[in-house]
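Residue numbers (our numbering): 1 to 343.
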Amino acid sequence: MNWNQLQYVITIAEEKSITKAAQKLYISQPSLSLSIQALEKETGVPLFERSRGEMKLTYAGSLFYEWAVSTLHSHTQLEWKLGDIASGSRKLIRLGLSPHRSERLLVPVLERFYSMYENCDIQIIEQPTYILRQMLEADQLDLILDISSPDTINFESELLVKESFVLAIPDSLCPFSDPPAHLSSSATLVSDSQAESVSETSNRNFFRNIVKSKKEDGISATPQIHLPALSAVPFILLSEDHDLGKISRKICETAAFHPNIRCICTSSNTAFSLARRGMGIAFLPEIYARTTSFPDIHFFTPDHFHDTRDICAVYRKNIYHHAQFQALLALLREIVPAIYRAA
């Protein structure tokens, strides 16, 4: 029995055909058949049976297949470990994350990483959560920076930060009555139907003063806002298959608030760009408020909703992770929480 024979069994089982397996393995069909016959003679049991033109595993074959997959996997892991020791060979880390996190989190991480390791390539794949998860499960990614994985058996979801949610409100869509009369000590804006409206210029100045006051007073929390006060203002929502799309609808539902939806899109960056152009108010991840500074748009949190979601480094369990991977993971642990804490 040798390593090639283990791979032969795996390939035939997956292709369900000697002919297709031989083509995939780049060997002749007679050679492959003889090798399997020799293996069956050595083990003393048939590993395959032909049924309706397909090669199917016997019960013994199924047990052998599972052992072969595990053994070849362990062999590969050992080769990687020995390779790390024997040489400084170049490594590849396939990192997946959503575009808005890539834009706002990766630069300081990669700057530090490449100051320590030059012999490692990082391939950055920017996709929404459901695609990143599929790619990780298919071994097309080594690590994703995203919400935790529901598969706790095969994947480690290492918590980096608990993320809250904000509303991005442009100056041009400020609908409030005289804000100073309704501003609480926690910087919460509420509506007052009895108050007189103020001019757009006053509203804009008030928004600027709120943000300026927050920074000067050293308050780390984003000022809060009462959602029903925004009933007449257009909203930009993410689609319902987007994680934040589901969350934003939950935020509205818990406030018994029905947003005036002007636009639905599939990207947080697109929603933010539209909000900056005055197209509507957008629900966004907290990281926008921590890393974005524009005079024409400001961030608030809903005063009734305090749920968060876990942002994690998600990677496969029980496999060997080389030194470069471990270093990148350590930098994510250090830098990502620090960026979220920044005021």
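We put the CB at the ideal spot given by N, CA and C, even for glycine.
Bounds of the alpha helix (DSSP H) holding A38 are 29 to 43. If only uninterrupted beta strand (DSSP E) runs of at least 3 residues are considered, those enclosed by the region 286 to 338 are 297 to 302, 309 to 316. About 4 Å separates the Cβ atoms of I225 and F300, confirming a contact at the 8 Å cut-off. Runs of the beta strand (DSSP E) spanning 3 or more residues and lying entirely within the region 88 to 140 occur at 91 to 97, 120 to 126, in chain order. In the three-state reduction of the DSSP assignment, A256 falls in the coil class.
Apart from the 5 residues on each side of it in sequence, S248 sits with its Cβ closer than 8 Å to the Cβ of F165, L237, L238, F283 in its chain, given in chain order. The C-alpha of T129 is placed about 8 Å away from the C-alpha of H242. Here A13 has L57, Y65 as same chain residues with Cβ atoms under 6 Å from its own Cβ, once five neighbours each way along the sequence are excluded. Pairing L143 with I93 gives a Cβ-Cβ distance under 8 Å. Judged by DSSP in its simplified three-state form, K81 adopts helix.
Between the C-alpha atoms of S31 and L6 there is a straight-line separation of about 15 Å. With fewer than 16 other CB atoms across the displayed protein chains lying within 10 angstroms of its CB, I261 is exposed. Counting C-beta pairs with one atom in each stretch, the region 114 to 134 and the region 286 to 298 have fewer than three that are closer than 8 Å, which means they do not touch. Taking C-beta separations shorter than 8 Å and ignoring five residues to either side along the sequence, the partners of K16 in its chain run E54, M55, K56, following chain order. Taking all protein chains shown into account, H258 has fewer than 16 neighbouring C-beta atoms within 10 Å of its C-beta and is therefore exposed.
By the 16-neighbour rule on beta-carbons within 10 angstroms, P302 is buried. Here E158 is not near A38, since their CB atoms are 8 Å or more apart. Under the three-state reduction of DSSP, R52 is assigned to coil, being neither helix nor strand.
Nearest neighbour of I122 by Cα position, chosen from L106, L132, R133, turns out to be L106.
DSSP places A168 in the uninterrupted beta strand (DSSP E) bounded by 165 to 170. Taking the Cα positions, I125 is about 35 Å away from L227.
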